[in-house]
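In order, the protein sequence lines correspond to chains D and C.
Counted from 1, the first sequence has number 962 at position 453 by the working numbering; the numbering is strictly sequential.
Counted from 1, the second sequence has number 115 at position 114 by the working numbering; the numbering is strictly sequential.
Quick reminder that beta carbons are idealized off the backbone N, C-alpha and C, glycines included.
Note sheet for the following structure.
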Amino acid sequence: MQIEISLLKDEGDTYSAQDLGYLLHKHPANVHERETGAGKAVIFYNEVSDDRTTAVLYLDIDPIALVRGKNRFSDGPLAQYVNDRPYVANSFLSVAMSKSFGQSMSGKSKSRQELADRSLPFEARVTPVGASGGIEVIKSLFEPLGYTIEAVSLSGDEARGIFDLKLKGNVRLCDLLNHLYVLVPVLDNAKHYWIDKDEIDKLLAKGEGWLADHPAKELIARRALKHRRALANDALGRLADDSETADDASETVERERKLQPEEALEKPIRLHDLRLDTVAALLKQRGVSSVLDLGCGEGRLLQRLIKERGLDKLVGVDPSVVSLERAAKKLHLEEAGDAMRERVKLQMGSLTYADRRWHNFDAATLVEVIEHIDPTRLASLALSLFGDAAPGIVVITTPNQEYNKLFEGMEPGSMRHSDHRFEWSREEFQSWCKPVAETHGYSVEFSPLGPLDAEFGAPSQMAVFERQDRIGASS
Amino acid sequence: MKLSLPDFALVVLIGPTGSGKSSFARKHFLDTEVISSDHCRALVSDDETDQTCTGDAFELLSQMAGIRLRRRKLTVIDATSVNREDRAKLVKLARQYHALPVALVLNIEPEVCHERNKGRDNRDFGIHVPRNHSRALRRGLRGLQKEGFRQTQIMRTPEDVDALEIVRTPLWTDQRSLKGPFDIIGDLHGCFDELGELLQNLGYELDTMPTEPEALFSARHPEGRTAFFVGDITDRGPRNLDCLRLVMGMCAEGTAQCVMGNHDFKLSKWLKGRDVKLTHGLDLTVAELENTSEEFRKQATEFVFNLRSHAWLAKGKLVIAHAGLKQEMHGRGSGAVRTFAMFGETTGEIDEFGLPVRLEWAREYRGDAEVVYGHTPMVEAEWLNNTLCIDTGCVFGGKMTALRWPERETVSVQAKRQYSEPAKPLDSGDGRSAQQDNDRLLYFDDFAVKRRIETRFKSTVLIPEQNSLAALEVVSRFAVDPRWLVYVPPTMAASPTAADEGFLERPEMALNFYASRGVTDLIVEEKHMGSRAIIVLAKSKGAARSHFGVEDDKAGVIYTRTGRPFFKDEAQEAEVIQRITKAMETSGLWDELSSDWMVLDAELMPWSAKAQELLNRQYHPTHAAALESANALLEAISSAGNSPELEALKVTATIRKDNAIRMAQTIDGYCWSAETIDDFRIAPFHILAAEGRVFSNKTHVWHMETLTKLAAADPIIQTTGWKQIDPTDGKQCQQVIKWWLEHTEAGGEGMVVKPNAFLVSGEKGLIQPAMKVRGRNYLRIIYGPDYDMPGNIERLRERGLARKFSLAEREFKLGLEGLHRFVEKQPLSKVHECALGVLALESEPVDPRL
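The structure is reproduced here in structure tokens:
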């Protein structure tokens, strides 16, 4: 990977393009080598004249050290071994820039300070660049800063494009370098070897004077501090002067987290909260004392149920260990006393298996869960849930596929979440539920969830099953 | 004095302090068998005389004793136990684990005890202590039997104590030394005609029926097999007396055994003159027996009364009990065991037919011992979780069934007529087997634990709990129905690392690996580069349903190495399955394998069919970036001035450019557009299993030749290049190496070397079943485009092969074990644990590039 910086001379101006050597503090006649920690940076000039001078910074990354060395990545099988990290411009290049051009980036020049302070016609070439999001993202990052862009695609039209990127602009050298320093890794949007609190300071320092007003600052902060939302929000908060308090920042985290595709679609009506509130109210009204929340995820239903008196046993079940860990945190189970831990439990489990620990519950809930199960496995779900666990009440909610037509920006035929294995129309939902209820001795009632549309119904739908012997016993 | 003691019992020593219990225990029992209350007191308080901690000490004592008893270990309690309430707790403990409570009483004079205590540390208490103990003891002495002790022995003097000898004897039900073979015969209920016919069909020679109406007679098998009756000899049927005469005769001769059924138990009560209701067919038996002589009835009483509750046979591999038996009761003795064995487990409720409501213990059964029983009439005798009910309701007009064991074959004869009306219709399934019906449910909690999987390859594979959970998550979210998931393929070892310049792997390394282990019959097979596909298919949807118990109306599935459906589109999957099924038909392979289902291990190409996302996200950007990086540098250098540094950079960049191009070309060779099924290439390389067989006993040459026939039947099925070679023959090796070099230079992935015999064992157990040798250019996809540059390859040569070898071996064993279990029609949970096991092992952190 390399960066080429060219200084051009405007006709009539007095400086020489060769002054680039002074501005970069690198003599054009020499080849400069420097270890940067991530690899060897080589700086040389391949064009030297009064009209145009070009410095090349080539960074030679050791691919084996990336895997085995102290800076190694860890991100799943094989992705860590065969990837474009050693070849594509990324945060390593930013590191190499700051090591090689540190003084220039801070806007200083020993012998040409007046040139360093001026906007000059520069051209920069970064190649190859990995651009996640393609040419659109490149434009959104560099155009607001006044550059003219020329980007040649070097791979197919894949989501992750490889480009030869050229920028042209009248800027101060330090601005050019700082823009590249921050934005090259943002474009790359892949793994960085550095992420800690210091990064915010670095980002802010290099972004001084331009980042706060950049229209894509959210994207920049998020990508630059990849996978660290808290950090990203911290940075955003600091960019917004001091108007936002710490509480607002954590609110932002919540908002950020909620922007999962499904919830983003459904967001305007806060559908999920409605679903959870409805189910919680229903359980309370039916007077159950033990609840099995199947597919509890991060525990948002349990969070509501915990506060209810009369619920003596609450068990959340999920196949994902990560979700369960988050739920435990959210419900503060770790710090909780014995009484609460006895009352509220989380278990790893799966709806495609039966489970003896599910016996003897008053109620079981599957809130937006059934659509994550492969259609071929629904028969065994029915058998294990209604036949084996046989709780007194079963509540199932699932999206109403008909309503999708009313969601803006949703492709026809697509689903609300990439892991949905199906989405049922009202009729499909009922025609699955009714025979299941019949076979296992349950009654079933259906109701819409969310604002009702005359033609398409509500965005979500709910079925409440009640075991017939329970109906007899309670009446 | 000799005392015969059951080898599984809770032995309670009873005696005052100083009576010599501990010395007695030391003399007759292992240190580890004895749990002393003094020791427990010391363990919880550091002071064995501290009486304030007695409660905690007893809790510890009963914990330890309980664990030992659960593990069926004889346990001795060394405490004074002179009070009835203390003993009651111990008797309760023994009953909980179905161990016989035995009381050994050291009723020694308090004066003697006091003398002994004087000489010992910490026992310096007055004579009143042993005296009180002794008084308490003597009060309870006569009631020991009533307290529940099944055996008591009282010693009154130190001489008595010294003179006692203990001989351990197996429990009455413990017949593990009998190996069989057995012919286990279901409920008779007086159906003598059918019994005679059944014995004849089983190959027994029957005595001619004696003319004296009460004389016993017998039958015997010429090969010395033992007949085993599951009880209920009489009642309801027409010839109850004759059944008794034959069974008693055979048992007396030693050609048969019998366990006690509930009807036999009731008969024994009548025989002993107790008041029993003459219902459920006992009236018919009584009518026949009333006319017999006193002497015959005495003989019959003795016989029936002494029948065992159950028999624990063949090293514990077989249990026979009239109504079945839970695992925790096998080979044990208690009232509960007898009741269970005769009546099964009931809830106490009565159903609408007036019969007790039964708990389905067999559904919950997870033991390895096979349990054969009767009692509940069924339409068919069907295995369920290693249990088999062979009462097929002969007396109700069904049939009489016998099980040949260990052959596991059933033999039946039809009832001549219906002799009695059943209270409710016999249980029958819905066309699928009882096991398949049961296997519609797998229990998560059966698998979410640390597991030890016993394989038939002389090794047990351990699966840590964390790995099990990881596998469960993957399976429950993404995998095909567990009923289809009969096999998960193992990972394969990479050849030992080569030292040749520019190579990480070379054929010589794999060939030498096997040669040095004495394996000289090898096969080398071309390794296709696509995606691993396990193809499970049946001749028809009906065959799929009956063999796999599935309900999804499919005739087969294709899944990946992690058990996910290979095709997103079910219609496409069905079409591919249909093509292969048709090819099986055309090639005559269904007949050749005499099966209507099979499992194939295959590679499905093109790679791009499954890996397009991966290619776009990872591989294409990598080589495009590598190429551009080199090109841009070369271009920049070309217009820069000369310098040695740049010259060196230029040399490297030129090589890198070349590497990037080769990587791109190699990938290109594995990709083509697969719009329709005809664009696919399926290269099967193992016929894993079919009805009744796992083909790991066939050579790889057989697999290759048989699969060639399949490939001839449809162009989407591709053959695999192969050659059988002897690694000690230099010329053959040279040919293989030459082929490998050409093949891999042209973009081929490489080859696999395997012992032709499939399974070969060496001194240290199984020899690595397969080893891959991958080509230089292929490895760019694995290690990155520039892996073989000087400075890189040296470092890559250090790779942790040992873990990979061990993993490959364990997964291979688990994979085959699962297939064997499936073929043997074992419960799905037993097959599933192997599939989960392989996935669990795959979650181990091992360098995925190997």
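Buried versus exposed call for residue i [16 or more other C-beta atoms within 10 Å across all chains shown]
i	result
V903/D	buried
R453/C	exposed
M2/C	exposed
G858/D	buried
V1/C	Residue 1/C is absent from the model: chain C starts at 2 and stops at 851.
L629/D	buried
K528/C	buried
K739/C	exposed
A640/D	buried
R798/C	exposed
H134/C	buried
R136/C	exposed
Limits of the unbroken alpha helix (DSSP H) element including residue i
i	result
G530/D	529 to 533
I815/D	809 to 815
K93/C	85 to 97
Q300/C	295 to 306
Y515/C	508 to 516
R781/C	780 to 784
Nonlocal neighbours in the same chain, by C-beta distance under 7 Å from residue i, ignoring five residues either side
i	result
T754/D	Bear in mind that the predicted position of T754/D carries a pLDDT of just 29, short of 50, making it unreliable; the figure below should be weighed with that in mind. For T754/D, where only same-chain residues beyond five positions count, there are no Cβ hits under 7 Å.
T563/C	V475, L840
D679/C	I717
Q769/C	A494, F806, A809, E810
Close-in-space but distant-in-sequence residues of the same chain around residue i (CB under 8 Å, 5 per side omitted)
i	result
E422/C	F397
D750/D	Here the model assigns D750/D a pLDDT of 37, short of 50, so the residue's position is not dependable, and the following value carries that caveat. Taken in chain order, the list of residues that qualify is empty.
K451/C	L463, I464, P465, E466, S469
T623/C	M664, G785, P786
Cβ of residue i within 9 Å of any chain E Cβ
i	result
V481/C	This model lacks chain E altogether; the protein chains it does include are D and C.
Run of the beta strand (DSSP E) containing residue i, from where it starts to where it stops
i	result
C390/C	388 to 390
H687/C	682 to 691
I68/C	Unbroken run through I68/C is the alpha helix (DSSP H), 55 to 71; no beta strand (DSSP E).
T340/C	Careful: T340/C lies outside any beta strand (DSSP E), inside the alpha helix (DSSP H) at 336 to 344.
P630/D	629 to 641
V903/D	902 to 908
A550/D	548 to 557
A603/C	598 to 606
P957/D	951 to 958
Nearest-angstrom Cβ-Cβ length linking residue i and residue j, presumed shorter than 8 Å
i	j	result
N757/C	T700/C	5 Å
E614/C	A534/C	17 Å between Cβ atoms; not a contact.
L285/C	D236/C	7 Å
L590/C	T721/C	That pair is no contact at about 16 Å.
M606/D	L529/D	Not confirmed; about 15 Å, so no contact.
F743/C	E542/D	Per the sequence presented here, residue 743/C reads as Glu, with Phe not at that position. Wrong, their Cβ atoms sit about 42 Å apart, outside the cutoff.
Close-in-space but distant-in-sequence residues of the same chain around residue i (CB under 6 Å, 5 per side omitted)
i	result
G232/C	V260, M261, G262, D265, H323
D569/D	G548, K549
R240/C	G191, F193
F304/C	M249
If contact means a Cβ-Cβ distance below 7 Å, which residues of the stretch 873 to 889 of chain D contact chain C? T885, R886, A888, S889
Can you pull out the residues from the stretch 541 to 563 of chain D whose beta carbon lies closer than 7 Å to at least one beta carbon of chain C? E542, V551, F553, Y554, N555, E556
Report the residues of the stretch 547 to 568 of chain C with a CB closer than 8 Å to any CB of chain D, ordered along the chain. With the criterion set as a beta carbon lying under 8 Å from some beta carbon of chain D, the members of the stretch 547 to 568 of chain C are E552, D553, in sequence order.
Using a Cβ-Cβ cutoff of 9 Å, what residues of the stretch 616 to 629 of chain C are near chain D? List them in chain order. L616, N617, R618, Q619, Y620, H621, P622, T623, H624, A625, A626, A627, L628, E629
Any C-beta of chain C within less than 8 Å: which residues of the stretch 853 to 868 of chain D qualify? M857, G858, S859, L860, T861, Y862, A863, D864, R865, R866
Tell me which residues of the stretch 430 to 451 of chain C have at least one Cβ-Cβ distance to chain D shorter than 9 Å, keeping chain order. R441, L442, L443, Y444, F445, D446, D447, F448, A449
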